[in-house]
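According to the numbering used here, the sequence shown is numbered sequentially starting from 883. Below is one structure, written out as structure tokens, with a few remarks after it.
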Amino acid sequence: MCGLAGIHFDSPEALADRDQLERMVAALHHRGPDGSGFHVEPGVGLGHARLSIIDLEGGAQPVHNEDRTVWISYNGEVFNYVELRRLLEQRGHRFYTNTDTEVIVHLYEEFGDEFVHELNGQFAFALWDRPRRRLLLVRDRAGILPLYYARTRHGVLFASEVKSLLASGQVAAELDPDGLDETFTFWAPLAPRTMFRGVAQVCPGEMVVLQGARLERRRYWSWQFPDNGAHRCAPQPQLEAELRELLADATNVRLRADVPVGAYLSGGLDSSSLVALLNHTVPETLRTFSIGFDDVGLDETEHQQRMVEHLRTVNSRVQCTLGDIAAGFPDTIHHTESPVLRTAPTPMRLLSGLVRRSDVKVVLTGEGADEVLGGYDIFKEAKVRQFWARHPASAWRPALLKRLYPYLDFTSAQSAAYLKEFFGIGLDRPDDPFFSHLPRWATTAQCKLFFSDDFRSRIEGSATERLRATLPEDIGRWHPFNRGEYLEAHTLLPSYLLSSQGDRMLMANSVEGRFPFLDHRLIAFANALHPRYKMHVLREKHLLRETMRADLPPSILKRPKQPYRAPDAAAFLQGAMPDYVNQLLGRETVARYGYFDPDKVGRLVAKLSRARVPAARDNMAFVGVLSTQLWHRQFVEGRSVADG
883 MCGLAGIHFD
893 SPEALADRDQ
903 LERMVAALHH
913 RGPDGSGFHV
923 EPGVGLGHAR
933 LSIIDLEGGA
943 QPVHNEDRTV
953 WISYNGEVFN
963 YVELRRLLEQ
973 RGHRFYTNTD
983 TEVIVHLYEE
993 FGDEFVHELN
1003 GQFAFALWDR
1013 PRRRLLLVRD
1023 RAGILPLYYA
1033 RTRHGVLFAS
1043 EVKSLLASGQ
1053 VAAELDPDGL
1063 DETFTFWAPL
1073 APRTMFRGVA
1083 QVCPGEMVVL
1093 QGARLERRRY
1103 WSWQFPDNGA
1113 HRCAPQPQLE
1123 AELRELLADA
1133 TNVRLRADVP
1143 VGAYLSGGLD
1153 SSSLVALLNH
1163 TVPETLRTFS
1173 IGFDDVGLDE
1183 TEHQQRMVEH
1193 LRTVNSRVQC
1203 TLGDIAAGFP
1213 DTIHHTESPV
1223 LRTAPTPMRL
1233 LSGLVRRSDV
1243 KVVLTGEGAD
1253 EVLGGYDIFK
1263 EAKVRQFWAR
1273 HPASAWRPAL
1283 LKRLYPYLDF
1293 TSAQSAAYLK
1303 EFFGIGLDRP
1313 DDPFFSHLPR
1323 WATTAQCKLF
1333 FSDDFRSRIE
1343 GSATERLRAT
1353 LPEDIGRWHP
1363 FNRGEYLEAH
1373 TLLPSYLLSS
1383 QGDRMLMANS
1393 VEGRFPFLDH
1403 RLIAFANALH
1413 PRYKMHVLRE
1423 KHLLRETMRA
1433 DLPPSILKRP
1443 KQPYRAPDAA
1453 AFLQGAMPDY
1463 VNQLLGRETV
1473 ARYGYFDPDK
1483 VGRLVAKLSR
1493 ARVPAARDNM
1503 AFVGVLSTQL
1513 WHRQFVEGRS
1523 VADG
């Protein structure tokens, strides 16, 4: 993957400032340390920071077609570029590189705007069509790679990261109150919104067309599900064979590279399945990479080691301590460009650093399997709650939640009342498209209790109602399980998991991540299936487990889903509080920035400092407040935490 930047002018005669483009590209050096390139002509300027993965010698960008009328600055990979190039050469196109990048410009020549449907990959790019005087900004279907833009007096600036837009000198860093409101509801702003007022992001599966002063947004792909009752049903062995073939092909095409490729190995079903499939293709030198924690409740080392011994991979491991998280958190926020509610991205950045130090540039990960094949506890929880909603007065139906969360106490009247208040939210409206996510969002929204009165008055409307306005018209006809999948794929997945915890932590160390479970062919296959193939009673990812039963040890196959977590507030409050935390959460700084109530923040810090086992909502609030303060310090004030 790489970094791209540029400008499209409203006027066809305007010429880009080369110094400005160079500043924008320099801000993306971590995304592309292997080289930079530029193309400037009246109406447009393109810049590129390259991480060389394919055609190491001849793949410098921007890339053009035969007569230099179509140009592209590109970030990502088109995995079916070999087959597409063969087709295009048969139709008379001539190539001057061996890159997947050049395939895109010729594909555009051949198919026009429909070319995006031919691409199997993860990508974000700017494509300039000189004869038509138009620029296309395009982002991949699932939203794996980022692409931002901002309108200025003279046109539209665009880049892979917001810090590149800020480096132009034409975009100011100011927090969008609705962006923080959405972060404290969904864990991240929802595209096209960002944390920065005046800065938008291209949505997953979207093409933004710039022509003159006009900007048009077009959605070319979205997660779709059949009407309830119209799902595909087939003998399970047949579906297992199809899933295995799709997943094997999605994995194999993601090995296409001219540099070494490795894989993350968490010890869970998803990454273990990928590594098992890779083991059939890659020689014994397959490199795998894992994270360990000192907290035994979070550590998966035992399961990782079992897979390493089973498949005989060459495994490297990083042990993440509380001190590592506290020391590295400011850099994490610098790269996420957004507040977060968990510290989990920081260990992922440490892991990608280990990958890079191991001379590996590309890693495959299991991200996306839970959304595509039904792996999250939230889907099980919603299934129990749907069952409960048929008889809301039942005492034993909600007790099924204990199968998901064995630590829940249903014995006392007080606990039962609390659990009913928490999990029972929305029981009176089980057909609401938001039903599956109401408990999660209600818990996360408690972080907003720490907003100052002044800041709260600047938020316009409701985060959930803004999301509701974007739902597909036919979502009411979908199976409740599919509604939950859709929400997860449009909220947490692209905006947090693939961004703050994914792309940003990988590219902080110039490492490219690839995601076989998010191959659009696999998504289409899974979305068509009846939910019972994904969740059999309360057994998550049922079809994947059955498909991989001959490849994985029983202990891995039978493992329940263990969400990836890292220590949160404890990383900052156990032992001496880091100076930057003490300062940013101090009364004067909290009051000056204005987002939060200083008294409430002070009480939260005191409460967490005393707590042996902090409540999840307090953990989220602490990390959310701290990361917002860090965001303001680094982007609005333009200062590092070392500046004091």
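Yeah, the Cβ is synthetic: ideal placement off N, Cα and C, and Gly gets one too.
Residue from the options with nearest C-alpha to residue i
i, options, result
"T1510", "L1425, V1419 and E1219", "E1219"
"F997", "A1073, L1029, Y1102 and Q1093", "Y1102"
"S918", "E895, P944 and G925", "P944"
"H1216", "G1476, R1431, L1193 and M1077", "M1077"
"L1374", "F1068, P1013 and R1414", "F1068"
"Q972", "L989, K1482 and R1421", "L989"
"P1142", "D1131, A1123 and V1164", "V1164"
"R1338", "P1221, P1496, L1121 and D1479", "D1479"
"A909", "D1213, L1009 and K1045", "K1045"
"E939", "E923, A1055 and D916", "D916"
"G1037", "G925, E1056, R1231 and D995", "G925"
"N947", "R968, L970, E984 and A1432", "E984"
"T1203", "M1230, G1358, E1184 and L1009", "M1230"
"Q1004", "G1366, F1397 and T1346", "F1397"
"K1423", "L1512, L1125, W1278 and A1390", "L1125"
"R1016", "F1171, I1357, V1487 and D892", "D892"
"L1232", "S1377, S955 and R1386", "R1386"
"D949", "A1008, P1013 and H890", "P1013"
"G1358", "F1317, A1324, M906 and Y1378", "F1317"
"A1298", "A1275, E1249 and G1308", "A1275"
Residues of its chain near residue i, where Cβ-Cβ distance is below 7 Å and the 5 sequence neighbours each way are ignored
i, result
"D1060", "R1075, I1341 and E1342"
"Q1444", "G1150 and E1182"
"S1240", "R1169 and S1198"
"R1515", "L1466, R1521 and V1523"
"L1129", "L1159, P1398 and L1404"
"P894", "P924, G925 and R1015"
"N1161", "L1168 and L1193"
Separation of residue j from residue i, as counted between CA atoms
i, j, result
"D1011", "A931", "21 Å"
"L886", "I936", "17 Å"
"S1344", "L1072", "13 Å"
"R1494", "D1177", "14 Å"
"G1531", "D982", "Examination of residue 1531 is not possible in this model, given that the chain is present from 883 through 1526 alone."
"T1167", "F1305", "48 Å"
"H999", "I986", "11 Å"
"C1329", "R1322", "12 Å"
"V1245", "V1190", "16 Å"
"Y1415", "F1107", "14 Å"
"D1058", "R1194", "49 Å"
"L1434", "A1006", "35 Å"
"D1022", "E1394", "15 Å"
"P1288", "L1420", "14 Å"
"H1402", "A1024", "8 Å"
"D1313", "E1347", "16 Å"
"H1319", "A1070", "15 Å"
"L1147", "T1228", "17 Å"
"G1366", "E1064", "18 Å"
"T1488", "A1271", "Checking the sequence, you will find Ala at residue 1488 rather than Thr. Whole-angstrom Cα-Cα distance: 39 Å."
Identified DSSP bridge partners for residue i
i, result
"R1421", "H1418"
"H921", "L928"
"F1478", "F1333"
"T1170", "A1145 and N1197"
"F1040", "G888 and Y1031"
"H946", "W953"
"R1012", "Looking at the DSSP assignment, R1012 forms no beta bridge with any residue, so it has no partner."
"G1003", "V960"
"V1245", "G1144 and G1395"
"A1082", "Y1031"
"C1202", "F1175"
"M1089", "V1020 and R1100"
"L1411", "R1114"
Cβ-based neighbour list, residue i, same chain, cut-off 8 Å, excluding 5 preceding and 5 following
i, result
"A1226", "Q1383, Y1446, R1447 and A1448"
"F1269", "R1279 and L1282"
Chain-order list of residues whose beta-carbon lies under 6 Å from that of residue i (same chain, five-residue window excluded)
i, result
"V1090", "L1019, V1084 and R1099"
"L1388", "S1234 and G1395"
"K1262", "L1286 and L1420"
"F1517", "A1055"
Anticipated Cβ contact below 8 Å, residue i with residue j, distance rounded
i, j, result
"L933", "G914", "5 Å"
"L1009", "E992", "Not really, about 13 Å apart at Cβ, beyond 8 Å."
Minimum Cβ-Cβ distance from residue i to chain C less than 8 Å
i, result
"Q1186", "Structure shown: chain C not included; a single protein chain is present."
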